[in-house]
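Below is one structure, written out as structure tokens, with a few remarks after it.
Numbering (my numbering), first residue to last: 227 to 1040.
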């Protein structure tokens, strides 16, 4: 819009006369009202609040209520107000301009309503005057919109409320008075539940349901007597919805907690890699993501000589990433961090001719995609021609996606690879040692060697990998690919602001292989053997594919180890897909592993699939500690696994950093699913089916709604809403000291957003933390867990969440 540089309010004023004429017709004087508004948004807010007649001391609260009526749009404007220049945007964003427009529209609509129904001005004084003279109407309207009336009264109230000012005043007054008296009579009657006494016909069903929950039969109630029954009902009456809901939540959480604690207690001392007495064949570092729990478990079942670790998958590298074909950088780090370094992908070992062909064909492909998706909506002539020319190919593509999304996706990928030649790349990641300081305002290209040593060493110490290096260490990021899905950020890596963390893994491996970095690490006590090689990879959590980076640089001495690992990873991919399919309602119940992999690949390329994957649904816990505590146990993809070795952290500084970095990531994911589940209409974003992408910044439902935030219903259908149970392998004294000196943890744990427990590093003891009462030892019942040969023996044929089980190593490799 030509007026964009003037701001939202000015643009709206200039366009309202044409854009909103269909909406505002019937509101007398609306054009004059808009034209008479002040040029400044703040002045407009003041004018409208004064017109309303609202006392000045109530202005702030009123504006807050007004903003919260549309939390999505209000939140978007406020965020852009607080982050000027986001994505290079030069146009100003001012929350006050948004509120000014909202107040003007509210005034115009209120004018139409108050004139239509009451023939008065929409000011507080006039509305008070009217309803003081018509108190019966006020009582009925108040009861209709703020109380739970029975259906017959709601229908009568709606009929009256729809009468306009044209209806005879005397007739209206009599009807309002009659209905107000009926509502008053209903409110004081026993049927409204207001009487103090308990009656059989109002309380019998409640007592029956309570007895069911308490495990009492009719004989028990009769023997207890009437007084006991009345006391039970009185307890129910004293429980409001919020208190009862919180009790049920705690009971639900306790039920899962007992299963989890029992599994960790029983598994104590069973898992491998408590110490690295022997060198692993390979070590793979994954994201802490709960979806990687099954992938790691299956890989360890296939080859128990492989060690897996977990961490926040930005891998201690907060970067602005710019891929070979990217027009702008992408932030790859936690949301609360602003990167100070930029990393660029660049072509290597390729002729200028091949690179030019790649760029030309990439531009042609993306340009054609842009024309088909966007330009055909803007120009009548060009859109008609474009549609006619593209119709045969579009019809063929549509048929393929509908009838065979798997083969259609493979064919599309093959055509793209054939049309657009692949170019080998490397990264610009190293800056000169005398480079200027890197800052968020002026990000520097690459890290200095000293910074690389600090970043790599810090991460290795965090995950407890300071010795016992395998010949091959794979740093595995992750992302997710799907069709027609505006919620990509909810599927990708939470530690990278909802983006693919593959570049972070590739960068870390590249830095860790530099001789200068290894020399610096040796001075810090981390000796990486010369025969150890780091390799970057990325796991696609939707189709379970694993991409390997920089394979051409792998030393020949490690090639056999890599080939064996890639074969084992492929087996893991099939097993992971097989386990995931058990929770898909549309997946066949009996699938081979190869068929399961084909099914998940098909879901990722199916543009009609509302559930390409289930994301973090059913996440419930996080374990921070050595893999030996959880290795060999089945946790049903419900646990975030974060590697940490308490034996190398006597003062707790490492675990403190983990809690501050990974704690908010895990809590954010958990709470996002929790609130989107308990109230999807308010905190979620409804169904994907009716979503329309709006302004490339969010989704709306249909053509007119609030900007919807939170998760869609299809992502939380199987989620069990509970707070994240965080278990830390550490001494309780250390955790207490950390809690006392860290306000962010006091916010998360002290206010009950997450639940904290401690697993003693030297025994199976578990302690539970209560912010008010401190630590108490868990004394739940410890019972044996089922033992199975492989994970599939436990989950196959079942859809519901499963309790933990033990994977018996002797059975698996007998």
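The beta carbon of each residue, even a glycine, is placed where N, CA and C say it ideally should be.
Looking only at C-alpha atoms, which of the options sits nearest to residue i?
i: residue 390; options: 340, 353, 847, 987; result: 340
i: residue 839; options: 869, 758, 819, 804; result: 804
i: residue 750; options: 692, 850, 908; result: 692
i: residue 909; options: 983, 937, 877; result: 937
i: residue 679; options: 311, 867, 639, 739; result: 739
i: residue 681; options: 540, 799, 785, 532; result: 540
i: residue 812; options: 734, 858, 617, 1025; result: 1025
i: residue 266; options: 278, 402, 666, 236; result: 236
i: residue 553; options: 472, 1015, 585; result: 585
i: residue 289; options: 268, 308, 305; result: 268
i: residue 587; options: 843, 442, 644; result: 644
i: residue 460; options: 436, 473, 448, 698; result: 436
i: residue 758; options: 546, 615, 1033, 694; result: 694
i: residue 842; options: 858, 809, 831, 857; result: 809
Where does residue i fall in DSSP's three states?
i: residue 1002; result: strand
i: residue 774; result: strand
i: residue 895; result: helix
i: residue 944; result: coil
i: residue 927; result: strand
i: residue 687; result: helix
i: residue 732; result: helix
i: residue 371; result: helix
i: residue 988; result: coil
i: residue 959; result: helix
i: residue 866; result: strand
i: residue 317; result: coil
i: residue 1029; result: coil
i: residue 717; result: coil
i: residue 346; result: coil
i: residue 951; result: strand
i: residue 1023; result: coil
i: residue 780; result: coil
Would a C-beta distance cut-off of 8 Å place residue i and residue j closer than the cut-off?
i: residue 479; j: residue 949; result: yes
i: residue 864; j: residue 846; result: yes
i: residue 987; j: residue 955; result: yes
i: residue 658; j: residue 566; result: no
i: residue 511; j: residue 537; result: yes
i: residue 1020; j: residue 1012; result: yes
i: residue 990; j: residue 491; result: yes
i: residue 696; j: residue 507; result: yes
i: residue 717; j: residue 798; result: no
i: residue 1086; j: residue 576; result: Lying outside 227 to 1040, the shown extent of the chain, residue 1086 is not represented and no answer is given.
i: residue 277; j: residue 328; result: no
i: residue 754; j: residue 653; result: no
i: residue 729; j: residue 535; result: no
i: residue 731; j: residue 705; result: no
i: residue 912; j: residue 927; result: yes
i: residue 571; j: residue 550; result: yes
i: residue 683; j: residue 737; result: no
Beta strand (DSSP E) containing residue i: first to last residue?
i: residue 548; result: 545-548
i: residue 832; result: Here residue 832 belongs to no beta strand (DSSP E), and DSSP marks it neither H nor E.
i: residue 513; result: 508-513
i: residue 759; result: 759-766
i: residue 703; result: 698-705
i: residue 570; result: 567-573
Terminal residues of the continuous alpha helix (DSSP H) containing residue i?
i: residue 286; result: 285-294
i: residue 456; result: 444-464
i: residue 240; result: 234-245
i: residue 270; result: 267-278
i: residue 341; result: 321-343
Residues in its own chain within less than 7 Å of residue i by CB, not counting five upstream and five downstream?
i: residue 712; result: 917, 919, 925
i: residue 878; result: 956, 960, 963, 964
i: residue 770; result: 799, 802, 803, 823, 826
i: residue 885; result: 964, 971
Which residues in the same chain as residue i place their Cβ atom closer than 6 Å to its Cβ, once the five residues preceding and following it in sequence are excluded?
i: residue 822; result: 803, 804, 807
i: residue 1040; result: The predicted position of residue 1040 is uncertain, since its pLDDT is 45 and thus under 50; a value taken from the coordinates is nonetheless stated next. So no residue of the chain qualifies.
i: residue 351; result: 279
i: residue 866; result: 514, 516, 848, 892
i: residue 573; result: 581, 649, 651
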